[in-house]
Amino acid sequence: MNNDTTANPQQRPDFGGIPGNIALMIALPLIIFWLWASVRLNAGSIFLWQLNPEGWKAAAAALKPTWTDIAVVFGWIGFQALLQVLLPGSRVEGRPLPDGSKLIYRMNGMFAFLLSLGIYLTLVLTGIVSPLWLYERFISLALIITAACYPFALFLYFYGKKTNPAPHLTGIPFCDYFLGAGHNPRIPVRTGFDIKLFFESRPGLIGWVILNMSFLLAEVQLKGRPSIAMVMVVLFQAWYVLDYFLHEEAILSTMDIVQEGFGWMLLFGDSAWVPFSYSIQAFYLLTFPVHLPWWAALSIAVLNFAGYAVFRSVNLQKHRFRKNPDRKIWGEQPVVIETSRGTQLLVSGFWGWSRHFNYVGDIMMALAWGLPCLFGSYVPYFYVVYFTILLVNRQRRDDRLCADKYGEAWLEYRNRVKWRILPGVY
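The sequence shown begins at 1158 in the numbering used here and counts up by one.
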């Protein structure tokens, strides 16, 4: 790996530089608390100033972690790390790094996912673990993981900068701590345990499904059977994660792996934000059950799986092109733009419609995950609002990074593909 960071151009700080980074590091954990408190303590209302003193006392009590909570959090992360190291899996070559070399990744996420679900279900069905435990300890577990992100991100800053510097450092230590000074940190360097891939795909992503599953099983324990709304939310989100592991190799061509450094932003997002904010619909439904008419359930299911079809088809089209540039797209040879780096920009198929048509599918699914909760609270719709904002920001950041990377070829691509996400709208 080329350790000469001065050979790479510095990028401007993202997310508002130091003030914006600090604001996000404070605000994002508070949003998890806000979502939890709105559901658990405030009857689904997002206006927490309505909480009485007893409500705030209950919040303070819930935020006190026990030694059991701490053991569960770090035991879970350690267990997932062991699965990544020990389980069999195919060895896949990643995208070229700045020095032209490629890292080798072991793809065994499906084994880890299914084994983790099987063990959790066994523990619940045998009565060793109560499905209500995760519901009751939800915010305490979120607090522990969040607190651990700050010192571990500091380790990632120094270790990553020394062993595996990101291709575009800002030169501002705090911003590089936030965005990641290391690109693909591994222990040992290059050949060892890949920290970024691990957190991108294991404890948080699988933990999200475990949390959802626990809420569904808790509803069965309390009421004898799950509601249609709960089944839909858990099924939709489990299918999304299952699909990720079915196409696990595709993550190696994503922006997170190829372009981003690994710092506080991705660490917190992967390990705390994903499981504890993405599971909020199932958490809400356990607290406030709803009756969903069959026609509404069918309509929402159509929306979700139509969104999934868009999301998966667009991503697979580019992934297959990268593996085999001569493969036909919609019966024709792909149209490409050659870059000065010797690579190609795809202008055919979905990637000729807009620069990120896959995000349309993401937004459709995000809406479908909130609709089963109906309209008694704003909380279940936080995800689709947040995710839309995130995707717009992500597209703009990707556009800027690609302009730096590909130069004139990217300008030509933008001239030929004018729409950013949704053709005719944005």
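Even glycine gets a Cβ: it sits at the ideal position worked out from N, Cα and C.
Residue i burial status per 10 Å Cβ neighbour count (16 or more: buried)
| i | result |
| --- | --- |
| threonine 1279 | exposed |
| alanine 1228 | exposed |
| glutamate 1565 | exposed |
| tryptophan 1178 | Sequence check: residue 1178 is asparagine here, not tryptophan. Asparagine 1178 is buried by the Cβ-count criterion. |
| histidine 1404 | exposed |
| arginine 1553 | exposed |
| arginine 1359 | buried |
| aspartate 1427 | buried |
| proline 1324 | buried |
| methionine 1245 | Here the sequence assigns proline to residue 1245, which means methionine is not the residue at that position. Result: exposed. |
| lysine 1353 | buried |
| serine 1195 | buried |
| glutamine 1490 | exposed |
| aspartate 1483 | exposed |
| arginine 1343 | buried |
| glutamine 1207 | exposed |
| asparagine 1321 | buried |
Residue i: CB within 7 Å of a non-hydrogen atom of the ligand MG
| i | result |
| --- | --- |
| phenylalanine 1440 | In the structure on display, the ligand MG does not appear, and there are no ligands present to speak of. |
Residue i, DSSP secondary structure in three states
| i | result |
| --- | --- |
| phenylalanine 1372 | helix |
| glutamate 1565 | helix |
| leucine 1272 | helix |
| valine 1431 | helix |
| glutamate 1417 | coil |
| serine 1247 | strand |
| isoleucine 1578 | coil |
| leucine 1300 | helix |
| tyrosine 1584 | The structure shown has nothing for residue 1584, since the chain only spans 1158 to 1583. |
| tyrosine 1583 | coil |
| glycine 1339 | strand |
| arginine 1252 | coil |
| aspartate 1226 | helix |
| arginine 1263 | strand |
| proline 1450 | coil |
| phenylalanine 1350 | strand |
| isoleucine 1385 | helix |
| valine 1390 | helix |
| leucine 1322 | One detail in the question is off: residue 1322 reads as proline in this sequence, not leucine. Three-state DSSP puts proline 1322 in a strand. |
Rounded straight-line distance, which links the Cα of residue j to that of residue i
| i | j | result |
| --- | --- | --- |
| serine 1258 | glutamate 1211 | 59 Å |
| leucine 1502 | valine 1493 | 5 Å |
| leucine 1443 | glycine 1251 | 41 Å |
| isoleucine 1175 | proline 1432 | 26 Å |
| valine 1582 | glutamate 1376 | 41 Å |
| arginine 1477 | arginine 1469 | 12 Å |
| leucine 1260 | threonine 1411 | 15 Å |
| tryptophan 1451 | asparagine 1461 | 15 Å |
| proline 1222 | phenylalanine 1270 | 27 Å |
| leucine 1298 | tyrosine 1316 | 27 Å |
| tyrosine 1397 | leucine 1362 | 10 Å |
| phenylalanine 1236 | tryptophan 1510 | 43 Å |
| serine 1287 | phenylalanine 1356 | 26 Å |
| isoleucine 1408 | asparagine 1472 | 10 Å |
The stretch 1522–1537 contacting the stretch 1429–1447, beta-carbon criterion three pairs below 8 Å: yes
Any 3 or more C-beta pairs closer than 8 Å across the stretch 1264–1276 and the stretch 1383–1391: no
Stretch-stretch touch, CB-based, cutoff 8 Å, three pairs: the stretch 1514–1526 with the stretch 1544–1564: yes
Touch test, the stretch 1208–1224 against the stretch 1330–1340, Cβ-Cβ under 8 Å, three pairs minimum: no
Start-end ranges of the beta strand (DSSP E) lying completely within the stretch 1457–1536, minimum 3 residues: 1493–1495, 1501–1503
Segment contact, 8 Å Cβ cut-off, at least three pairs: the stretch 1364–1371 with the stretch 1275–1291: yes
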